[in-house]
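Peer 1: Top line first, the protein sequences correspond to chains A and B.
In terms of the working numbering, the first sequence is residues -3 to 153.
In terms of the working numbering, the second sequence is residues -3 to 153.
C-beta: ideal position from N, C-alpha, C; glycine also.
There are 2 protein chains.
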Amino acid sequence: MDPLSTPVRLRSRATWLLGQSANQGHRLIGERMHAAGVPSRSYYSLLAALSEVGATSQADLGRRIGLDRSDVTAAVTDLEAKGCLERTPDPADRRRNLVRITADGKAFLAGLDAEVAAAQEELLAPLAQEEREALVGMLVRVVAHHTGLRLGDDAEG
Amino acid sequence: MDPLSTPVRLRSRATWLLGQSANQGHRLIGERMHAAGVPSRSYYSLLAALSEVGATSQADLGRRIGLDRSDVTAAVTDLEAKGCLERTPDPADRRRNLVRITADGKAFLAGLDAEVAAAQEELLAPLAQEEREALVGMLVRVVAHHTGLRLGDDAEG
DNA sequence: AACGAAACGTTGGCGGGACCAACGATAATC
DNA sequence: GATTATCGTTGGTCCCGCCAACGTTTCGTT
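1. Assuming Arg146 of chain A is part of the beta strand (DSSP E), what are its boundary residues?
2. Run through chain B and tell me which residues come within less than 9 angstroms of Ser41 of chain A, C-beta to C-beta.
3. Given a cut-off of 7 angstroms on the beta-carbon distance, is the pair Gly21 of chain B and Thr11 of chain A in contact?
4. Can you give the Cα-Cα distance for Leu108 of chain A and Arg5 of chain B, rounded to whole angstroms?
5. Is Thr98 of chain B near the ligand FMN, judged by its Cβ being under 6 angstroms from some heavy atom?
6. Closer than 6 angstroms by C-beta to Glu76 of chain A: which residues in its own chain qualify, once you throw out the five before and the five after it? Chain order, please.
7. Tell me which residues share the same chain as Thr69 of chain A and place their Cβ nearer than 8 angstroms to its Cβ, disregarding the 5 neighbours each side in the sequence.
8. Does DSSP put Val49 of chain A in a helix, in a strand, or in coil?
9. Using only the alpha-carbon positions, how far apart do Arg166 of chain A and Arg90 of chain A sit?
10. Mind checking Ala151 of chain A: buried by the 16 CB within 10 Å criterion, or exposed?
11. Closest by CA to Ala31 of chain B, which one among B:Glu126, B:Asn93, B:Arg9, B:Phe104?
12. Could you check the C-alpha separation between Pro3 of chain A and Leu57 of chain A for me, to the nearest Å?
13. Tell me whether Thr52 of chain A is buried or exposed, calling it buried when 16 or more other Cβ atoms sit within 10 Å of its Cβ.
14. Can you grab the Cα-Cα spacing for the pair Arg33 of chain A / Cys80 of chain A, in whole Å?
15. Taking Asp(-2) of chain B as the reference, which of A:Ser1, A:Gln125, A:Arg60, A:Glu118 has the closest Cα?
16. Measuring only between beta-carbons, confirm whether Pro122 of chain B sits less than 7 angstroms from chain A.
17. Take Ala140 of chain A and list the residues in its own chain whose beta-carbon comes closer than 6 angstroms to its own, dropping the five residues that flank it on each side.
18. For Ser38 of chain A, count neighbouring C-beta atoms within 10 Å of its own C-beta (all shown protein chains included) and say buried if the count is 16 or more, exposed if not.
19. So is Ala106 of chain A in contact with chain B if we call contact Cβ pairs under 7 angstroms?
20. Consider the Cβ of Thr52 of chain A: report whether some Cβ of chain B lies at a distance smaller than 7 angstroms.
21. Any beta carbon of chain B sitting closer than 7 angstroms to that of Val72 of chain A?
22. Is Gln125 of chain A buried or exposed, if buried means 16 or more other CB atoms sit within 10 Å of its CB?
23. When you compare only the Cα positions, how much space is there between Gly153 of chain B and Met29 of chain A?
24. Could you give the distance in angstroms between the alpha-carbon of Val132 of chain A and the alpha-carbon of Ala18 of chain B?
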């Protein structure tokens, strides 16, 4: 790809720029994830959700991070094999599996957190701190607008 | 996906927000492209590049928009069948195909341009005009930083 | 209490997009 | 003139997001 000769029509479009930036971010994170032995970004999302919510079902995990049930199954199976989480049948609802993070999983997640933070630092390097905050603020509003989420509804549900 | 219960670790990460925003943008554009009979966003990029540069080779087109040669071949074949462009062997370099946009192609591109503009308007709806400019400005710097491009080098090469 | 509807986890598969490998043909380089 | 590089094309792989189906279990309604 030759960035010098990309059409102006694309270079100036916010949608194209968003795509390019997201690609760079995914690339940076992907490299670090792969180096840490994690095949996909979704593993990080899964562990993060699990760490926040405590113990929950696979379906709930999927809903939280926007991952299909079938893919959650695969990721959970893999992470269980790595000792990052436990999967036990829920005695209260025998359809579900209760998934909970292990101590090893928390430690591993902490490592991934550092990698993600480093990747983000690298991605946003050309931006000043205030700019990053402004960027995040705008993106939050954009995302909220398209997910039917109303801002300020934190934990008032 | 339940946006209310996505992990805070993700919701506050610029990388995740960028990915989400880009996804929404791709979705909006993809819908409109599909409605216009275009199977992929890359077709728009291709026509846009072609309209700016005049007549060039497929390899050059691919480099400009970041598309693999093989994928350019498929897209060009398809767009040629639709009458949006002409593909002729380059007499000056018989390895290349000279690709040039047709009048129909320009008209079609104009229509796609309107669709893309509308999609972007929809994507950035919650942002004021100045905010959109600030967003674009920041993203331009981010993208430039990761593509080895120096700002202000417009056409001075 | 019974029955239909819904949710759960799992397996398997589909389609698109990005990428790579190889080939024959042609041009550039030394 | 021989090697190297580029071009267009074909064909393939891999990953990701998504859907379909199944058996199991729970919920909702009557």
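Peer 2: In terms of the structure at hand:
1. The sequence position of residue 146 of chain A within the first sequence is 150, counting from 1. From DSSP, Arg146 of chain A is part of no beta strand (DSSP E); its letter is neither H nor E.
2. Taking the first sequence and counting its residues from 1, the one referred to as residue 41 of chain A is at position 45. The contacting residues are Thr2, Pro3, Arg5, Leu6, Trp12.
3. For the purposes of this step, residue 21 of chain B is taken as the residue at position 25 of the second sequence. For the purposes of this step, residue 11 of chain A is taken as the residue at position 15 of the first sequence. Yes, the Cβ-Cβ distance between Gly21 of chain B and Thr11 of chain A is below 7 angstroms.
4. As a first step, residue 108 of chain A must be located in the first sequence, where it is residue number 112. As a first step, residue 5 of chain B must be located in the second sequence, where it is residue number 9. Roughly 12 angstroms between the two C-alpha positions.
5. With respect to the ligand FMN, the structure offers nothing, as it holds no ligand at all.
6. For the purposes of this step, residue 76 of chain A is taken as the residue at position 80 of the first sequence. Here the set comprises Arg83.
7. Translated into the one-based positions of the first sequence, residue 69 of chain A becomes position 73. Around Thr69 of chain A: Gln54.
8. Residue mapping note: residue 49 of chain A aligns to position 53 of the first sequence, counting from 1. In this structure, Val49 of chain A counts as helix in the three-state DSSP scheme.
9. Only positions -3 to 153 of chain A appear in this structure, which leaves residue 166 of chain A out of reach.
10. Position 155 of the first sequence, counted from the start, is the residue given in the question as residue 151 of chain A. Caution applies to Ala151 of chain A, whose pLDDT of 43 falls short of 50 and renders its modelled position unreliable; the value that the coordinates give is listed next. Classification for Ala151 of chain A: exposed.
11. In the second sequence, counting from the first residue as 1, residue 31 of chain B sits at position 35. Checked all of B:Glu126, B:Asn93, B:Arg9, B:Phe104; the closest Cα to Ala31 of chain B is B:Phe104.
12. The residue labelled residue 3 of chain A in the question sits at position 7 within the first sequence. The residue labelled residue 57 of chain A in the question sits at position 61 within the first sequence. Taking the straight line from one Cα to the other gives about 41 angstroms.
13. Position 56 of the first sequence holds residue 52 of chain A. So Thr52 of chain A ends up on the buried side.
14. Translated into positions along the first sequence, residue 33 of chain A becomes position 37. Translated into positions along the first sequence, residue 80 of chain A becomes position 84. The displayed chain sequence assigns Gly, not Arg, to residue 33 of chain A. If I take the Cα positions, the gap works out to 13 angstroms.
15. Within the second sequence, numbered from 1, the residue matching residue -2 of chain B stands at position 2. If we check each option's Cα against that of Asp(-2) of chain B, A:Arg60 comes out closest.
16. Within the second sequence, numbered from 1, the residue matching residue 122 of chain B stands at position 126. Answer yes: the Cβ-Cβ gap between Pro122 of chain B and chain A drops below 7 angstroms somewhere.
17. Taking the first residue of the first sequence as position 1, residue 140 of chain A is located at position 144. Result list for Ala140 of chain A: Leu147, in chain order.
18. Translated into positions along the first sequence, residue 38 of chain A becomes position 42. By the 10 Å Cβ count, Ser38 of chain A comes out buried.
19. By one-based count along the first sequence, residue 106 of chain A stands at place 110. No - not a single Cβ of chain B is within 7 angstroms of the one on Ala106 of chain A.
20. Sequence index remark: in the first sequence, residue 52 of chain A carries index 56 (1-based). No - not a single Cβ of chain B is within 7 angstroms of the one on Thr52 of chain A.
21. Here the question's residue 72 of chain A lines up with position 76 in the first sequence. Closer than 7 angstroms: no.
22. Taking the first residue of the first sequence as 1, we reach residue 125 of chain A at position 129. Label assigned to Gln125 of chain A: exposed.
23. Here residue 153 of chain B is taken as the residue at index 157 of the second sequence, counted from 1. Here residue 29 of chain A is taken as the residue at index 33 of the first sequence, counted from 1. The predicted position of Gly153 of chain B is uncertain, since its pLDDT is 31 and thus under 50; a value taken from the coordinates is nonetheless stated next. Spanning the two alpha carbons is a distance of roughly 37 angstroms.
24. Walking along the first sequence from the start, residue 132 of chain A turns up at place 136. Walking along the second sequence from the start, residue 18 of chain B turns up at place 22. Computed Cα separation, rounded: 14 angstroms.
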